[in-house]
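4 protein chains.
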Amino acid sequence: MIQSVAFIGLGAMGYRMAAHLPQHFDTVYVWNRNFEKAQQHATEFGTLAIELQNAVQADIIFSCLPTSQQVDEILAQVQLKSGSIWVDCTSGVPESARAQSEQLLQQGVRFLDAPVSGQTIGAENATLTFMVGGNTEAFAQALPIMQTMGKIIKHVGESGTGFAVKAVNNMMMAVHLCAAAEGFTTLKAHGVHLQEALDCINASSGKSGVTETVLPQRVFNRSFPLTFALPLLAKDTGIAVDLVREARISAPVIGLTQNLIQVANDLAEPNSDFSTAIKMYESWSKITLE
Amino acid sequence: MIQSVAFIGLGAMGYRMAAHLPQHFDTVYVWNRNFEKAQQHATEFGTLAIELQNAVQADIIFSCLPTSQQVDEILAQVQLKSGSIWVDCTSGVPESARAQSEQLLQQGVRFLDAPVSGQTIGAENATLTFMVGGNTEAFAQALPIMQTMGKIIKHVGESGTGFAVKAVNNMMMAVHLCAAAEGFTTLKAHGVHLQEALDCINASSGKSGVTETVLPQRVFNRSFPLTFALPLLAKDTGIAVDLVREARISAPVIGLTQNLIQVANDLAEPNSDFSTAIKMYESWSKITLE
Amino acid sequence: MIQSVAFIGLGAMGYRMAAHLPQHFDTVYVWNRNFEKAQQHATEFGTLAIELQNAVQADIIFSCLPTSQQVDEILAQVQLKSGSIWVDCTSGVPESARAQSEQLLQQGVRFLDAPVSGQTIGAENATLTFMVGGNTEAFAQALPIMQTMGKIIKHVGESGTGFAVKAVNNMMMAVHLCAAAEGFTTLKAHGVHLQEALDCINASSGKSGVTETVLPQRVFNRSFPLTFALPLLAKDTGIAVDLVREARISAPVIGLTQNLIQVANDLAEPNSDFSTAIKMYESWSKITLE
Amino acid sequence: MIQSVAFIGLGAMGYRMAAHLPQHFDTVYVWNRNFEKAQQHATEFGTLAIELQNAVQADIIFSCLPTSQQVDEILAQVQLKSGSIWVDCTSGVPESARAQSEQLLQQGVRFLDAPVSGQTIGAENATLTFMVGGNTEAFAQALPIMQTMGKIIKHVGESGTGFAVKAVNNMMMAVHLCAAAEGFTTLKAHGVHLQEALDCINASSGKSGVTETVLPQRVFNRSFPLTFALPLLAKDTGIAVDLVREARISAPVIGLTQNLIQVANDLAEPNSDFSTAIKMYESWSKITLE
Numbered sequence: 000m001i002q003s004v005a006f007i008g009l010g011a012m013g014y015r016m017a018a019h020l021p022q023h024f025d026t027v028y029v030w031n032r033n034f035e036k037a038q039q040h041a042t043e044f045g046t047l048a049i050e051l052q053n054a055v056q057a058d059i060i061f062s063c064l065p066t067s068q069q070v071d072e073i074l075a076q077v078q079l080k081s082g083s084i085w086v087d088c089t090s091g092v093p094e095s096a097r098a099q100s101e102q103l104l105q106q107g108v109r110f111l112d113a114p115v116s117g118q119t120i121g122a123e124n125a126t127l128t129f130m131v132g133g134n135t136e137a138f139a140q141a142l143p144i145m146q147t148m149g150k151i152i153k154h155v156g157e158s159g160t161g162f163a164v165k166a167v168n169n170m171m172m173a174v175h176l177c178a179a180a181e182g183f184t185t186l187k188a189h190g191v192h193l194q195e196a197l198d199c200i201n202a203s204s205g206k207s208g209v210t211e212t213v214l215p216q217r218v219f220n221r222s223f224p225l226t227f228a229l230p231l232l233a234k235d236t237g238i239a240v241d242l243v244r245e246a247r248i249s250a251p252v253i254g255l256t257q258n259l260i261q262v263a264n265d266l267a268e269p270n271s272d273f274s275t276a277i278k279m280y281e282s283w284s285k286i287t288l289e
Numbered sequence: 000m001i002q003s004v005a006f007i008g009l010g011a012m013g014y015r016m017a018a019h020l021p022q023h024f025d026t027v028y029v030w031n032r033n034f035e036k037a038q039q040h041a042t043e044f045g046t047l048a049i050e051l052q053n054a055v056q057a058d059i060i061f062s063c064l065p066t067s068q069q070v071d072e073i074l075a076q077v078q079l080k081s082g083s084i085w086v087d088c089t090s091g092v093p094e095s096a097r098a099q100s101e102q103l104l105q106q107g108v109r110f111l112d113a114p115v116s117g118q119t120i121g122a123e124n125a126t127l128t129f130m131v132g133g134n135t136e137a138f139a140q141a142l143p144i145m146q147t148m149g150k151i152i153k154h155v156g157e158s159g160t161g162f163a164v165k166a167v168n169n170m171m172m173a174v175h176l177c178a179a180a181e182g183f184t185t186l187k188a189h190g191v192h193l194q195e196a197l198d199c200i201n202a203s204s205g206k207s208g209v210t211e212t213v214l215p216q217r218v219f220n221r222s223f224p225l226t227f228a229l230p231l232l233a234k235d236t237g238i239a240v241d242l243v244r245e246a247r248i249s250a251p252v253i254g255l256t257q258n259l260i261q262v263a264n265d266l267a268e269p270n271s272d273f274s275t276a277i278k279m280y281e282s283w284s285k286i287t288l289e
Numbered sequence: 000m001i002q003s004v005a006f007i008g009l010g011a012m013g014y015r016m017a018a019h020l021p022q023h024f025d026t027v028y029v030w031n032r033n034f035e036k037a038q039q040h041a042t043e044f045g046t047l048a049i050e051l052q053n054a055v056q057a058d059i060i061f062s063c064l065p066t067s068q069q070v071d072e073i074l075a076q077v078q079l080k081s082g083s084i085w086v087d088c089t090s091g092v093p094e095s096a097r098a099q100s101e102q103l104l105q106q107g108v109r110f111l112d113a114p115v116s117g118q119t120i121g122a123e124n125a126t127l128t129f130m131v132g133g134n135t136e137a138f139a140q141a142l143p144i145m146q147t148m149g150k151i152i153k154h155v156g157e158s159g160t161g162f163a164v165k166a167v168n169n170m171m172m173a174v175h176l177c178a179a180a181e182g183f184t185t186l187k188a189h190g191v192h193l194q195e196a197l198d199c200i201n202a203s204s205g206k207s208g209v210t211e212t213v214l215p216q217r218v219f220n221r222s223f224p225l226t227f228a229l230p231l232l233a234k235d236t237g238i239a240v241d242l243v244r245e246a247r248i249s250a251p252v253i254g255l256t257q258n259l260i261q262v263a264n265d266l267a268e269p270n271s272d273f274s275t276a277i278k279m280y281e282s283w284s285k286i287t288l289e
Numbered sequence: 000m001i002q003s004v005a006f007i008g009l010g011a012m013g014y015r016m017a018a019h020l021p022q023h024f025d026t027v028y029v030w031n032r033n034f035e036k037a038q039q040h041a042t043e044f045g046t047l048a049i050e051l052q053n054a055v056q057a058d059i060i061f062s063c064l065p066t067s068q069q070v071d072e073i074l075a076q077v078q079l080k081s082g083s084i085w086v087d088c089t090s091g092v093p094e095s096a097r098a099q100s101e102q103l104l105q106q107g108v109r110f111l112d113a114p115v116s117g118q119t120i121g122a123e124n125a126t127l128t129f130m131v132g133g134n135t136e137a138f139a140q141a142l143p144i145m146q147t148m149g150k151i152i153k154h155v156g157e158s159g160t161g162f163a164v165k166a167v168n169n170m171m172m173a174v175h176l177c178a179a180a181e182g183f184t185t186l187k188a189h190g191v192h193l194q195e196a197l198d199c200i201n202a203s204s205g206k207s208g209v210t211e212t213v214l215p216q217r218v219f220n221r222s223f224p225l226t227f228a229l230p231l232l233a234k235d236t237g238i239a240v241d242l243v244r245e246a247r248i249s250a251p252v253i254g255l256t257q258n259l260i261q262v263a264n265d266l267a268e269p270n271s272d273f274s275t276a277i278k279m280y281e282s283w284s285k286i287t288l289e
């Protein structure tokens with residue numbers, strides 16, 4: 000029986016995710032490197048802001064950090080309670096998940112790699128998607144808590160596979176982004192009305208998440224709001240290429256896209272949204288997608 | 000005032016498209032190279048199966064043929080009525096549209112390139128998408144007839160742009176297909192449960208028309224039903240690359256995808272559905288996506 | 000028996016090529032759009048600078064112009080003598096060669112597409128390579144004159160194949176250039192001494208014309224002398240991709256390289272040597288190859 | 000003063016390389032996993048075939064093994080003499096070199112990664128190229144011994160850089176191989192005489208080691224002799240891509256080529272020479288390069 004839940008890392012996603020927990024559980028610990036944010040969360044949502052070492056004594060610990068490295072740093076500092084479950088919602092590295100899983104198992108703790116998608120709006124509305132790798136029994140035990148924050152929650156395989164699915168998802172999005180940039184600059188060069196063309200494609204076989212939301216909401220209106228930073232997409236496409244290499248798969252389109260996102264990231268201004276990768280193509284063709 | 004409409008080419012799409020016309024117009028001529036099919040259409044839907052030269056005397060003539068070449072062959076045989084409008088629903092070549100448009104204008108006839116998407120089910124339910132290039136006034140005149148067969152009908156620019164949008168749509172679908180093949184073989188190599196991964200991705204940023212319909216309905220169930228032939232996709236990706244070349248756009252992902260679809264087509268059995276391009280990747284990795 | 004030879008187009012190559020002819024033939028006509036250059040040639044080498052219409056009355060006419068378009072413009076202005084042979088040393092378009100060949104044949108004139116390689120130094124020393132397409136008999140007749148300017152002179156096939164070989168040669172060079180840029184920026188990022196690495200590679204299986212001459216003579220010394228303009232390389236790689244498309248060959252590396260050279264050309268300053276394509280890679284990696 | 004030299008690994012390369020040592024040094028130990036080969040070498044060249052543990056007591060130890068893994072296995076078995084130098088001529092992994100270098104340094108032994116090029120003929124004639132990474136002083140001490148086996152011997156940087164240069168060399172060769180396959184199938188599809196085209200290109204800017212030796216000696220004559228196995232080239236291109244990834248370089252042509260060589264290797268028969276990668280292209284285009 001779960002008595003206590005902790006949430007480590009209260010960034011844009013974690014802050015909103017942890018907000019749902021007090022409605023379902025009596026004891027919810029929160030911790031954040033900048034501790035004021037944890038205190039603010041406690042005030043706002045009735046969670047308990049406590050020291051890291053105490054927070055991780057919960058039955059189930061969630062973490063949501065920028066990269067697997069920060070998770071490693073946290074894990075190196077703490078002593079965990081045998082029997083607990085660590086659910087890492089970071090968009091992490093599959094290999095790290097396998098190492099972390101083995102390391103925690105020696106302390107009697109099970110580790111699930113459970114990255115999420117759905118952005119801050121999904122975190123706010125508890126409609127996130129969880130793609131979860133790791134022990135099946137631990138997944139079953141953690142499922143009710145994940146259900147308070149998400150809608151589609153899938154066990155996709157053994158340790159590391161959750162991170163793998165997330166990395167491949169983001170890689171596929173990156174491919175679709177490049178395809179859209181190339182396709183729409185070509186159309187505009189031929190005098191096509193972009194909005195009308197987009198309406199047609201979104202009702203046809205060529206549609207994607209990118210054509211349905213990224214182009215109309217971020218690119219055509221030239222807003223490029225920073226919600227998912229380009230360097231993080233570059234990191235994720237790198238993880239995807241490492242998965243390809245490790246499995247000795249031939250994936251030329253993925254390989255090329257990783258290189259293109261790398262170039263876009265090398266050339267981008269700091270704090271650029273992933274959608275600014277489009278601007279690399281615009282600088283090549285001198286065509287603006289608006 | 001439109002008195003008569005004609006439909007030239009009663010293939011899988013045209014047969015169903017023309018079926019809606021008699022509900023809205025008194026005089027609907029149909030013609031097909033294999034004329035028995037035209038006679039069958041007349042019996043079934045109350046259209047008039049007449050000789051090509053007479054059919055094209057309608058106020059508005061629709062055509063739906065395999066490639067622009069067949070349209071050229073028809074146009075070479077007939078004498079048109081000044082003031083009429085020719086609406087070509089073929090997935091044709093933009094350059095041909097421009098040539099055909101100029102040629103027909105000399106006979107006082109306006110030409111619209113108006114390819115459709117939505118497959119046979121969309122043709123049957125009159126929910127097709129029309130992407131239309133050509134004269135704006137002619138578009139306005141032809142719009143009511145297109146509305147009897149489609150739902151989203153957009154004027155995307157001058158002559159040839161309708162075909163351009165269709166080619167780019169299909170090219171983007173081809174890119175998404177390659178991305179899905181590469182991503183999912185990689186995931187399976189890492190022991191990921193494919194159906195669960197697909198459920199996650201279809202609720203995330205990496206989704207596309209391919210992940211939403213092609214993978215579950217054609218690939219994972221190993222049905223690969225022939226509804227859109229791989230050689231036609233190869234043709235369309237070739238048209239898209241020609242558009243890129245003509246506009247001197249840099250489009251590396253599109254260029255690579257055209258080459259990959261070409262290889263898939265070179266290696267495929269005759270009468271293969273476009274979705275069998277996945278099998279090329281499967282033969283490389285010895286991994287089956289099921 | 001050849002009585003007279005003409006040379007049309009006295010650019011950096013043509014001026015030096017035509018200089019060898021008076022040693023072997025009594026009557027050598029020269030013509031150039033900027034006619035002063037023709038007069039200067041006459042003074043310097045004993046050729047005869049005459050009007051275009053008279054020059055092309057020679058038994059064998061050579062031309063060496065920027066692109067096939069200039070050749071077309073010249074051909075449109077002149078009336079040729081039946082029985083003469085036109086040898087075009089332009090790096091031209093195969094399709095143009097076939098059209099020009101047919102057009103001249105109607106005047107009883109045979110056309111050879113005979114592009115050259117070897118740069119200005121080869122033109123000066125009469126050590127050029129001629130790759131020649133067209134009628135075999137015409138080739139045999141023109142061979143002695145080509146031998147006064149070149150060393151390796153090969154009949155590579157029918158009309159257009161000379162241009163095809165030149166375009167593919169330049170495309171292969173472009174691929175090698177990209178490979179060198181990518182390989183050497185990677186090595187420098189790993190702290191490798193570039194000159195020593197180049198010495199090793201030039202004695203190993205990875206060597207190419209680019210590693211043997213372009214890197215040491217143009218890049219590592221940062222001279223980038225303008226001898227072959229980047230827009231011309233972009234044009235040639237485009238011709239190569241058109242050959243690939245026409246033959247329905249799958250050539251992913253060629254396709255990608257054409258796109259990269261296009262980007263490099265879009266971003267380059269005017270009057271850039273082809274070797275400045277390297278600078279595109281340098282701007283991406285912030286690594287300078289010196 | 001060097002008193003003794005050892006050579007570990009008497010494969011096609013090592014056997015010939017070690018043969019030169021007795022002419023210059025009194026004490027030359029040889030060892031090979033299949034020990035009979037060591038004994039045969041001793042008989043043939045006057046070396047001393049002794050047990051591994053004794054052989055590695057030499058002042059300078061050379062190794063030449065299939066991959067870095069075999070070197071690791073050997074190193075795990077032996078105790079080395081402080082002050083000695085280990086020169087590894089394997090085409091190894093840069094990261095392994097750095098680890099091996101650190102590991103041996105703790106035993107007072109310096110490690111040089113010193114892969115060679117020049118094939119068996121170069122080993123036989125002592126005309127190999129050595130690309131060497133590691134400590135400069137150790138390099139200076141080992142140089143005289145390397146000079147008995149090679150001609151061009153370069154210190155290219157710190158530990159691991161020798162392997163890096165070799166991997167990049169082989170990757171560049173792989174790129175040139177793909178470019179040649181694509182270029183020449185395209186030319187043949189256009190009816191070009193291949194041998195004449197090759198003669199022209201080998202006298203022009205598009206030449207490479209591949210066009211100068213691989214095409215004429217292995218491909219056009221359809222011999223494809225097994226001297227460098229395709230799986231080893233696949234391994235080396237993988238090492239090169241890992242170098243690219245590690246340095247966060249954008250290298251699209253290298254990335255694509257690694258994928259293509261992977262496909263070629265996945266589809267090839269066992270014991271195929273690297274040059275059979277050409278056959279992948281031939282199977283796509285149904286064109287044979289002969």
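Chains as they are written, first to last, in numbering that gives the first Met the number 0: chain S, 0 to 289; chain E, 0 to 289; chain H, 0 to 289; chain B, 0 to 289. Every residue, glycine too, gets a C-beta built ideally from N, C-alpha and C.
Start and end residues, beta strand (DSSP E) containing S/L266: For the purposes of this step, residue 266 of chain S is taken as residue 267 along the first sequence, with counting starting at 1. From DSSP, S/L266 is part of no beta strand (DSSP E) but of the alpha helix (DSSP H) over 251–266.
Cβ neighbours of H/A57 in the same chain (closer than 6 Å, five flanking residues each side left out): For the purposes of this step, residue 57 of chain H is identified with residue 58 of the third sequence, where counting begins at 1. Hits under 6 Å: S3, V4, A5, Y28.
Enclosing beta strand (DSSP E) for S/S62 [first to last residue]: Within the first sequence, the letter at position 63 stands for residue 62 of chain S. That run of the beta strand (DSSP E) goes 59–62.
Whether B/V155 touches H/C199 by CB criterion (8 Å): Indexing the fourth sequence from 1 puts residue 155 of chain B at position 156. Indexing the third sequence from 1 puts residue 199 of chain H at position 200. Closer than 8 Å, so yes.
Buried or exposed (CB count within 10 angstroms, at least 16 for buried), B/M171: To locate residue 171 of chain B, count along the fourth sequence from 1; it is residue 172. Classification of B/M171: buried, given that the 10 Å Cβ count is 16 or more.
Under 9 Å by beta carbon: chain E residues contacting H/Q68: Here residue 68 of chain H refers to the residue found at position 69 when the third sequence is read from its first residue. Those within 9 Å of H/Q68 in chain E number zero; the least Cβ separation is about 16 Å.
Neighbouring residues, chain H, relative to E/V262 (Cβ below 7 Å): As a first step, residue 262 of chain E must be located in the second sequence, where it is residue number 263. Neighbours of E/V262 on chain H, chain order: S249.
Whether H/S204 touches B/N264 by CB criterion (8 Å): For the purposes of this step, residue 204 of chain H is taken as residue 205 along the third sequence, with counting starting at 1. For the purposes of this step, residue 264 of chain B is taken as residue 265 along the fourth sequence, with counting starting at 1. No; because the gap between Cβ atoms is not below 8 Å, this pair is not in contact.
Within 8 Å, strictly: CB atoms of S/G121 and E/I253: Locating residue 121 of chain S in the first sequence gives position 122, counting from the first residue. Locating residue 253 of chain E in the second sequence gives position 254, counting from the first residue. No.
Any non-hydrogen atom of the ligand PLP within 7 Å of S/V92 CB: Summarising the ligand content, the structure contains no ligands, and the ligand PLP is consequently not present.
Bridge partners - S/S207, DSSP secondary structure assignment: Counting from 1 along the first sequence, the entry for residue 207 of chain S is found at position 208. According to DSSP, which records beta bridges pairwise, S/S207 is partnered with E/S207.
Separation of S/N33 from B/R109, as counted between CA atoms: For the purposes of this step, residue 109 of chain B is taken as the residue at position 110 of the fourth sequence. For the purposes of this step, residue 33 of chain S is taken as the residue at position 34 of the first sequence. Whole-angstrom Cα-Cα distance: 47 Å.
Contact between the region 212–223 of chain H and the region 244–262 of chain H (3+ Cβ pairs under 8 Å): no
Residue from H/A137, H/S116, H/R15, H/N31 whose Cα sits closest to the Cα of H/V70: For the purposes of this step, residue 70 of chain H is taken as the residue at position 71 of the third sequence. Ranking the options by Cα distance to H/V70, first place goes to H/N31.
Backbone secondary structure at E/F227 - three-state DSSP: The sequence position of residue 227 of chain E within the second sequence is 228, counting from 1. Three-state result, E/F227: coil.
Three-state secondary structure assigned by DSSP to B/D241: Residue 241 of chain B sits at position 242 when you count from the first residue of the fourth sequence. Three-state result, B/D241: helix.
With 16 other Cβ atoms within 10 Å as the buried cut-off, status of B/P251: Position 252 of the fourth sequence, counted from the start, is the residue given in the question as residue 251 of chain B. It is buried - the Cβ of B/P251 has at least 16 other Cβ atoms within 10 Å.
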